[in-house]
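Chains A and B are the protein sequences, given in the same order. My numbering puts the first residue of the first sequence at 823, with every later residue one more than the last. My numbering puts the first residue of the second sequence at 946, with every later residue one more than the last. Beta carbons are placed, not taken as given, at the ideal position from N, Cα and C, and that holds for glycine. These figures come from a predicted structure and were not determined experimentally.
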Amino acid sequence: DAGVIQSPRHEVTEMGQEVTLRCKPISGHDYLFWYRQTMMRGLELLIYFNNNVPIDDSGMPEDRFSAKMPNASFSTLKIQPSEPRDSAVYFCASSSTGGAYTGELFFGEGSRLTVL
Amino acid sequence: DAKTTQPPSMDCAEGRAANLPCNHSTISGNEYVYWYRQIHSQGPQYIIHGLKNNETNEMASLIITEDRKSSTLILPHATLRDTAVYYCIVRVVAGGTSYGKLTFGQGTILTVHP
Chain A
823 DAGVIQSPRH EVTEMGQEVT LRCKPISGHD YLFWYRQTMM RGLELLIYFN
873 NNVPIDDSGM PEDRFSAKMP NASFSTLKIQ PSEPRDSAVY FCASSSTGGA
923 YTGELFFGEG SRLTVL
Chain B
946 DAKTTQPPSM DCAEGRAANL PCNHSTISGN EYVYWYRQIH SQGPQYIIHG
996 LKNNETNEMA SLIITEDRKS STLILPHATL RDTAVYYCIV RVVAGGTSYG
1046 KLTFGQGTIL TVHP
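Here it is, written out as structure tokens:
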């Protein structure tokens, strides 16, 4: 399996622009997580889905952030409008409750966002 | 999820055992102890987890005290590639409102030197 795939790996944009980050989870996984990492705040859980349904979005910073999971193999995290303080590395992770569930999350390589 | 406390940094000589402590004094009976690590610029990687028994896998060993209020991750023969941030996390694995949720703290920066 290719693992969790995120795109783009790097994004540089200007303040006010819309940013869309994409994630393809591992096939068969039923949980998907979006995290954000900055030096100041560390790794923060933004939102997670179970079977494509958002379960907890309490970590989403504000209305400018939205996440969707239209099907089991794709999720997006959108920021509109973007601000410089949104600059961070955004990680997507997936996990499975099937079989011998260990609770292990598999992380992607991350999308590094820079908002100028 | 219960809060954990870890030292901010540790050093270890290559080839020696690295022992990373974690305090989780408010852990509940249905919460597991998880360890992840993050090598620079990469996504976090699962290492090991346990409930109350000691656990060992190909990467590490996990020692949990009898009262479950603390644990130690042991890398038996540390290499330079083990230099990373190590996160100790406690979470409910099944049931409860936090099922599936993994909350990271600040972790311990482990530096393995030659």
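Would you mind stating whether A/Lys941 and A/Ser888 have Cβ atoms separated by less than 8 Å?
-> Because chain A here runs from 823 to 938, residue 941 of chain A falls outside it and cannot be looked at.
Since A/Asp878 sits in a beta bridge, which residues does DSSP pair it with?
-> A/Tyr870
Using the C-alpha atoms, what's the distance from A/Ser880 back to B/Gly1041?
-> Reliability of the predicted coordinates at B/Gly1041 is poor, the pLDDT of 48 falling under 50, and the value obtained from them is presented with this limitation in mind. Answer to the nearest angstrom: the Cα atoms are 16 Å apart.
Run down chain A in chain order and give the residues with a C-beta less than 9 Å from the C-beta of B/Tyr977.
-> Gly925
Can you tell which of A/Ile869, A/Leu927, A/Tyr912, A/His851 has the C-alpha that lies nearest to the C-alpha of A/Gln828?
-> A/Tyr912
So, using beta-carbon positions, are A/Gly825 and A/Ser918 closer together than 8 Å?
-> no
Mind checking if B/Gly1041 is an interface residue toward chain A, Cβ cutoff 8 Å exclusive?
-> Interpretation of B/Gly1041 is limited by its pLDDT of 48, a score under 50 that renders its predicted location unreliable; no figure is taken from the coordinates.
Within 10 angstroms of the Cβ of B/Arg1013, are there 16 or more other Cβ atoms? Answer buried if so, exposed if not.
-> buried
If we count the other Cβ atoms within 10 Å of its Cβ and call it buried at 16 or more, is A/Gly932 buried or exposed?
-> buried
What residue from B/Pro1059, B/Gly1050, B/Leu1055 has the CA that sits closest to A/Arg863's CA?
-> B/Gly1050
Would you mind working out which of A/Thr842, A/Leu854, A/Pro876 sits nearest A/Leu899, comparing C-alpha positions?
-> A/Thr842
Who are the near neighbours of B/Asn975 in its chain, counting only those whose CB is closer than 6 Å to its CB and skipping five residues on each side?
-> Val1037
From B/His994 to B/Ile1008, what does the alpha carbon distance come to, in whole angstroms?
-> 10 Å
Same chain only: Cβ atoms within 7 Å of A/Pro830, ignoring 5 sequence neighbours per side = Ser933
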